[in-house]
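Notes for the one structure printed next.
Written out as C-alpha cells, the structure reads:
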C-alpha cells in the first residue's frame, strides 16, 4: 500500500505572500509504509493542508541555528513545506550528523522535494524530543542534497495549526508585558493587583472571554518576575518573585507616627506664617494609611517619599517639592497643587477626581490606573509625562507644555526649586 496524497484545504497564497510557508489546519498524520507494502512504523508523515506565511512574535531565549563567518549579505530563498517526517530520537540524531548518506525515508519522498519557479519545496525532518527540525531538498536523490536548520520547527507547526489560539496569545502579549512592568514598578510590599476588566470583559462569560482569562493567567504565571497569581474574577493579585522585589527596603525609610505628623503640621503652620516653627519635610519618608487631608501643606517637602493609602482629600500641596515621590492607592480627591514640583513622581491607583495641577512641573511623572473624574492640568509642564490608563475620566489639559526648558523660561520662575530651610 502506497502513501496516500491528501489534498490541501483552502486557497494557496501567492508567492509574493509567502516567506516561510508551513502547515496550518487539519494536517493529517499517518504511519508511512515501507517498500513491499509492509508497514515499518519507523516514522510518521504529515501532509500539507492549507499554507500561510507566519511571523513569529514570541522571543525565544535559547535556540539553535547555523552561523556563517564574515557573510557580506544573507542569502535566503522562499520555501514551502510539502511533507513533515518525524524520526525516532536516535535516528534523527544520526541523520543530523550524516546528511549525505542515503536514507529510505528520503527515497520515499524524493520526488516531492525540488525547486520550482523560485520556490523551494521542502521536506521537514523532525526528531522525537527535538524542538528544531531540518529542511531538506532532495531533487530526486535519496540524501539531503540541500539542507538548512529550522529552529523551533514544532512551535511553528503548532502555531499554524491553531491560528485562533495564537491570535489570542499575540493580542494578550502586550497586556502581559505591560502588566509585568507595572507590577515591578508599582509593587507594594511585593504585591500588585490589576482589574480583570483591563485584561478581558469580566462581565462577558462567552467562550472567547473565558479563553482570554485562562490564557492571561497561564502567560503571567510563566513569567519569571511573578511568583504567584490568583484572582477573585474582579482583580488579579500578583506576588513578585524575590529577585524582583523593590530593592529599597521600607525599613530604610523614615516612618513618622501620627503624633509626629501632627506636631510637624503645627510647626509647619507657624513656619508658613513666619512665626517660628519649621518647614514640614517628608523627604525619604514612608507614610502608610496616614490622614493628611483638608490641610495646608504649602511648601512642604515630599522628595522621594513613599505614600501608601494616604488620605489627601482637599489637601493643598501648592509650592511643594514632590520630585520622585510615589503615591500608591492614595485618595487625592480635590487635591490642589499650584506651582509645585512633581518631576519623576508616580501615582498608582490613586483617586484624583476634581484634583487640580496648576503651573506645576510634571516632567516624567507617571499616572497609572488612577480614577480621575474632572482631573485638570492647567499650564503645567508635561514633558514625557505618562498619563497611562485612567479608570474614569474625563481628564482636562489646558495650555500645557511638553518642553520643560521652554516652559520654565516662559513661566518665569514657575517650577523653581522650593528652598528647604
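Residue numbers (our numbering): 510 to 930.
Beta carbons are placed, not taken as given, at the ideal position from N, Cα and C, and that holds for glycine.
Only a predicted model underlies this, so the values are computations on that prediction, with no experimental measurement involved.
Q) At what residues does the alpha helix (DSSP H) containing residue 777 begin and finish? A) From DSSP, the alpha helix (DSSP H) with residue 777 extends over 767-781.
Q. Sorted by chain position, which residues of the same chain lie with C-beta nearer than 6 Å to residue 803's C-beta, five sequence neighbours on each side aside?
A. 823
Q. What three-state label does DSSP hand residue 903 in the structure shown?
A. coil
Q) Which residues in the same chain as residue 875 place their Cβ atom closer than 6 Å to its Cβ, once the five residues preceding and following it in sequence are excluded? A) When the five nearest sequence neighbours on each side are left out, the beta carbons in the same chain lying within less than 6 Å of the beta carbon of residue 875 are those of 855, 895, in order along the chain.
Q) If you count every other CB in all the chains shown that lies within 10 Å of the CB of residue 785, and 16 or more means buried, which is it? A) By the C-beta density criterion, residue 785 is exposed, having fewer than 16 other C-beta atoms within 10 angstroms.
Q. In terms of DSSP beta bridges, what is residue 636 paired with?
A. 596
Q: Tell whether a beta-carbon distance below 8 Å holds between residue 642 and residue 659.
A: yes
Q) Run through DSSP, which three-state label would residue 853 get? A) coil
Q. From 691, 891, 648, 723, pick the residue whose C-alpha is nearest to that of residue 941; which is it?
A. Absent from the structure is residue 941, since the part of the chain shown begins at 510 and ends at 930.
(Q) Checking 8 Å against the spacing of the C-beta atoms, do residue 743 and residue 704 come in under that value? (A) yes
Q: With a floor of 4 residues, list each alpha helix (DSSP H) that falls wholly inside the stretch 719-747, ordered by position along the chain.
A: none
Q) Where residue 819 and residue 690 are concerned, what is the direct C-alpha to C-alpha distance, given to the nearest angstrom? A) 24 Å
Q: Report yes or no: do the stretch 769-778 and the stretch 786-801 share at least 3 C-beta pairs separated by less than 8 Å?
A: yes
**Q.** Delimiting residues of the alpha helix (DSSP H) encompassing residue 687
**A.** Residues 672-695.
(Q) For chain C, check one thing: does any of its Cβ atoms lie closer than 8 Å to the Cβ of residue 873? (A) Within the model displayed, chain C is absent; a lone protein chain is all it includes.
Q) With respect to the beta strand (DSSP E) encompassing residue 795, which residues constitute its N-terminal and C-terminal limits? A) 795-797
Q) Given a threshold of 16 other Cβ atoms within 10 Å of its Cβ, counted over all protein chains shown, does residue 576 qualify as buried or as exposed? A) exposed
Q. Near residue 702, which residues of its chain fall below 6 Å by C-beta distance, leaving aside the five closest residues on each side in sequence?
A. 744, 746
Q.
Rounded to whole angstroms, what is the Cα-Cα separation between residue 934 and residue 674?
A. The requested residue 934 is not part of the displayed model; the chain covers only 510 to 930.
**Q.** Span of the alpha helix (DSSP H) around residue 613
**A.** That run of the alpha helix (DSSP H) goes 613-617.
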